[in-house]
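Novice: Quick mapping for you: the protein sequence lines, in order, are chains A, B, C and D.
Following this note's numbering, the numbering of the first sequence begins with 1 at its first residue and continues without gaps.
Following this note's numbering, the numbering of the second sequence begins with 1001 at its first residue and continues without gaps.
Following this note's numbering, the numbering of the third sequence begins with 2001 at its first residue and continues without gaps.
Following this note's numbering, the numbering of the fourth sequence begins with 3001 at its first residue and continues without gaps.
Backbone N, C-alpha and C define an ideal beta-carbon position, used for all residues, glycine too.
I am attaching a structure below and will ask some questions about it afterwards.
4 protein chains.
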Amino acid sequence: MFVYKFPTRYYEADPMGVIHHSEYIRYFELGRDRWMESLGYGLDKCQAQGLVFPVVKLECRYLKSLRFGETVTVTVQLREFGGAKAVFEQQVLGDDGSVRAEGTVAVGFIDSNAGRICRCPAELAEIFKQQINN
Amino acid sequence: MFVYKFPTRYYEADPMGVIHHSEYIRYFELGRDRWMESLGYGLDKCQAQGLVFPVVKLECRYLKSLRFGETVTVTVQLREFGGAKAVFEQQVLGDDGSVRAEGTVAVGFIDSNAGRICRCPAELAEIFKQQINN
Amino acid sequence: MFVYKFPTRYYEADPMGVIHHSEYIRYFELGRDRWMESLGYGLDKCQAQGLVFPVVKLECRYLKSLRFGETVTVTVQLREFGGAKAVFEQQVLGDDGSVRAEGTVAVGFIDSNAGRICRCPAELAEIFKQQINN
Amino acid sequence: MFVYKFPTRYYEADPMGVIHHSEYIRYFELGRDRWMESLGYGLDKCQAQGLVFPVVKLECRYLKSLRFGETVTVTVQLREFGGAKAVFEQQVLGDDGSVRAEGTVAVGFIDSNAGRICRCPAELAEIFKQQINN
Chain A
1 MFVYKFPTRY YEADPMGVIH HSEYIRYFEL GRDRWMESLG YGLDKCQAQG LVFPVVKLEC
61 RYLKSLRFGE TVTVTVQLRE FGGAKAVFEQ QVLGDDGSVR AEGTVAVGFI DSNAGRICRC
121 PAELAEIFKQ QINN
Chain B
1001 MFVYKFPTRY YEADPMGVIH HSEYIRYFEL GRDRWMESLG YGLDKCQAQG LVFPVVKLEC
1061 RYLKSLRFGE TVTVTVQLRE FGGAKAVFEQ QVLGDDGSVR AEGTVAVGFI DSNAGRICRC
1121 PAELAEIFKQ QINN
Chain C
2001 MFVYKFPTRY YEADPMGVIH HSEYIRYFEL GRDRWMESLG YGLDKCQAQG LVFPVVKLEC
2061 RYLKSLRFGE TVTVTVQLRE FGGAKAVFEQ QVLGDDGSVR AEGTVAVGFI DSNAGRICRC
2121 PAELAEIFKQ QINN
Chain D
3001 MFVYKFPTRY YEADPMGVIH HSEYIRYFEL GRDRWMESLG YGLDKCQAQG LVFPVVKLEC
3061 RYLKSLRFGE TVTVTVQLRE FGGAKAVFEQ QVLGDDGSVR AEGTVAVGFI DSNAGRICRC
3121 PAELAEIFKQ QINN
């Protein structure tokens, strides 16, 4: 399981002093980007090669609030990979190690030069296969 | 069905020129705020009275991208209401009237003065009951 | 003077319940986009033609806070235009019509196809000249 | 000079693939928060004690774009401190160490319990004095 930590930011907190629910969705993406980067495939490099990963479906359950000032831990686990889609399970944990939210994010693959859905390139597909449930 | 329209914003678009998937989650909330406002219960008024509506669960399916420059139409339909939880179905439509994303958002009720989960106040519960599937 | 109104959004407010200072910078841009749109040159259309307007300098003075729930009024006035740069004065007003922040934003012109700074195209330059101090 | 590094995020980039100008303003704040944290006064702790630091004025000059995928370096230098106001000079640097933007940010002090402007508490004032031009 891949883990990435970073501080919450003041503007991410809402009038209740807790991190806005939309920010968790962004934390999930940041986690996936850092995981890809750790595999040598940061989203920026993929994008430069014309490969982008649009989110096609997401679910998130919010269990407990996360306050401004806490350090976020976001986790990334690849659960399914089928050539045209990858499904991730992700969590956001707070300072005390408790889970604040957990979600499932499905992404597709787009060839941005052709402007259409594509299959995951072979080299990356191989990496994804090795990473399932890792 | 309640409908609210507004222009996309430049900073909401990502390097592909399309609105980032986290923004749809924000559009959904803006739609619920405007719907509440139309019923005389804007989120700001509720908050001033110590009532907040934390999102406890959300799902979103992304069907087609929304480009910067399009006018967003966000819809709000209350599907379930049970005293301690309200469930909304929402859509985001683009310039051509096609659905770009659809989601389900469940919110709870918190008494921010007491700092804990509460039941929806009676007056608002009455309004919610009348609005189901409206 | 061009004026555009819209509701504040919940996620834009910080733990003090007031709109985060970075959002005013975004309101200024939204105002310029709507002003351009009113002139037939929305930022999306310009971008589609390969013309973008990077901010090269900005200043903002924050006079009084803006609370979530208020309707924002953003103003746009073109003060200077010199072929390679345009300078705008902008304000953000709240529900009571008082000025909450005022700023100056200088933008340049970039030909995104060539990937470099350019002069403002003649047709748009003509419009800008007519709009100075309007 | 205090320095804080972190990766750019995908949603911070605009359709040109570069970080949106409003995000630099947020990077500046994140830098100040991390600097305060390093001094034992994170913004969250100050806020918990009823002390907040509203931005009263800011200026930013954008020199060169920052692309998604780059690591951001944000710098923080306290230039002036006078009891009721602190003025910071800050920079954003990219992967190659070149300055992409530089700004000046003035903050005031608010006693959030009393709801009004206050002088900086003595203990923190002492720390600020030691940090000037550090």
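Residue ranges of each beta strand (DSSP E) run of no fewer than 3 residues wholly in the region 2014-2089 of chain C, ordered along the chain?
Specialist: Here the runs fully enclosed are 2055-2062 and 2071-2081.
Novice: Touch check for the region 1059-1068 of chain B and the region 1087-1101 of chain B: three-plus C-beta pairs under 8 Å?
Specialist: With the cut-off at 8 Å, the region 1059-1068 of chain B and the region 1087-1101 of chain B touch.
Novice: Helix, strand or coil for residue 3128 (chain D), going by three-state DSSP, please let me know.
Specialist: The residue labelled residue 3128 (chain D) in the question sits at position 128 within the fourth sequence. In the structure shown, residue 3128 (chain D) sits in a helix (DSSP, three-state: H, G or I).
Novice: Roughly how many angstroms separate the alpha carbons of residue 1057 (chain B) and residue 117 (chain A), rounded to a whole number?
Specialist: Taking the second sequence and counting its residues from 1, one reaches residue 1057 (chain B) at position 57. Taking the first sequence and counting its residues from 1, one reaches residue 117 (chain A) at position 117. Rounded to the nearest angstrom, the two C-alpha atoms are 29 Å apart.
Novice: Measuring only between beta-carbons, confirm whether residue 17 (chain A) sits less than 8 Å from chain C.
Specialist: For this step, residue 17 (chain A) is matched to residue 17 along the first sequence. Yes, contact with chain C.
Novice: With 8 Å set as the bound, which would you pick, yes or no: does the beta-carbon of residue 10 (chain A) sit closer than that to a beta-carbon of chain C?
Specialist: Looking up residue 10 (chain A) in the first sequence gives position 10. Residue 10 (chain A) counts as touching chain C.
Novice: Could you work out which residue in A:49, A:128, A:102 and A:81 is closest to residue 91 (chain A) when comparing CA atoms only?
Specialist: Residue mapping note: residue 91 (chain A) aligns to position 91 of the first sequence, counting from 1. Residue A:102 is the option with its Cα nearest to residue 91 (chain A).
Novice: Just the Cα atoms here: how many angstroms apart are residue 1040 (chain B) and residue 1032 (chain B)?
Specialist: Counting from 1 along the second sequence, the entry for residue 1040 (chain B) is found at position 40. Counting from 1 along the second sequence, the entry for residue 1032 (chain B) is found at position 32. If you take the alpha carbons of residue 1040 (chain B) and residue 1032 (chain B), they lie about 12 Å apart.
Novice: Does residue 2079 (chain C) get closer than 8 Å to chain B when you measure Cβ to Cβ?
Specialist: Indexing the third sequence from 1 puts residue 2079 (chain C) at position 79. No, because no Cβ of chain B sits closer than 8 Å to the Cβ of residue 2079 (chain C).
Novice: Is it right to say residue 34 (chain A) is buried, meaning 16 or more other beta carbons lie within 10 angstroms of its own, or is it exposed?
Specialist: The sequence position of residue 34 (chain A) within the first sequence is 34, counting from 1. It counts as buried.
Novice: Using a Cβ cut-off of 7 Å, which residues of the region 3099-3116 of chain D contact any Cβ in chain B, in chain order?
Specialist: Within the region 3099-3116 of chain D, no residue has a Cβ that lies closer than 7 Å to any Cβ of chain B.
Novice: Under the rule that 16 or more other beta-carbon atoms within 10 Å means buried, what is residue 114 (chain A), buried or exposed?
Specialist: As a working mapping, residue 114 (chain A) is identified with position 114 in the first sequence. Classification of residue 114 (chain A): exposed, given that the 10 Å Cβ count is below 16.
Novice: Residue 2100 (chain C) lies in the beta strand (DSSP E); which residues open and close that run?
Specialist: Here residue 2100 (chain C) corresponds to residue number 100 of the third sequence, with the count starting at 1. First-last of the beta strand (DSSP E) with residue 2100 (chain C): 2099-2107.
Novice: Identify the contact partners of residue 2013 (chain C) in chain A, using a Cβ-Cβ distance below 7 Å as the criterion.
Specialist: Taking the first residue of the third sequence as position 1, residue 2013 (chain C) is located at position 13. Ordered by position in chain A, the residues that pass the 7 Å Cβ test against residue 2013 (chain C) are 14 and 15.
Novice: How should residue 126 (chain A) be labelled, buried or exposed, when 16 other C-beta atoms within 10 angstroms of its C-beta is the threshold for buried?
Specialist: Position 126 of the first sequence, counted from the start, is the residue given in the question as residue 126 (chain A). Per the 10 Å Cβ criterion, exposed.
Novice: Three or more C-beta pairs under 8 Å: does that hold for the region 1069-1080 of chain B against the region 1003-1010 of chain B?
Specialist: Touching, per the Cβ criterion.
Novice: State the start and end residues of the unbroken beta strand (DSSP E) segment that holds residue 2007 (chain C).
Specialist: Indexing the third sequence from 1 puts residue 2007 (chain C) at position 7. It spans 2002-2007 - the beta strand (DSSP E) in which residue 2007 (chain C) sits, taken as one unbroken run.
Novice: According to DSSP, which residues form a beta bridge with residue 1116 (chain B)?
Specialist: Along the second sequence, read from residue 1 onward, the residue named residue 1116 (chain B) stands at position 116. Its beta-bridge partners are B:1111.
Novice: Would you check if the distance between the CB atom of residue 3053 (chain D) and the CB atom of residue 3107 (chain D) is smaller than 8 Å?
Specialist: Looking up residue 3053 (chain D) in the fourth sequence gives position 53. Looking up residue 3107 (chain D) in the fourth sequence gives position 107. Yes, they are a contact pair.
Novice: So, are the CB atoms of residue 3038 (chain D) and residue 2022 (chain C) less than 8 Å apart?
Specialist: As a position in the fourth sequence, residue 3038 (chain D) is number 38, starting the count at 1. As a position in the third sequence, residue 2022 (chain C) is number 22, starting the count at 1. Not a contact, by the Cβ cut-off of 8 Å.
Novice: I want to verify the contact list: residues of chain D whose CB lies under 8 Å from the CB of residue 1065 (chain B), in sequence order.
Specialist: In the second sequence, residue 1065 (chain B) corresponds to position 65, counting from 1. The premise fails here: residue 1065 (chain B) is roughly 12 Å from chain D at the closest Cβ pair, so nothing lies under 8 Å.
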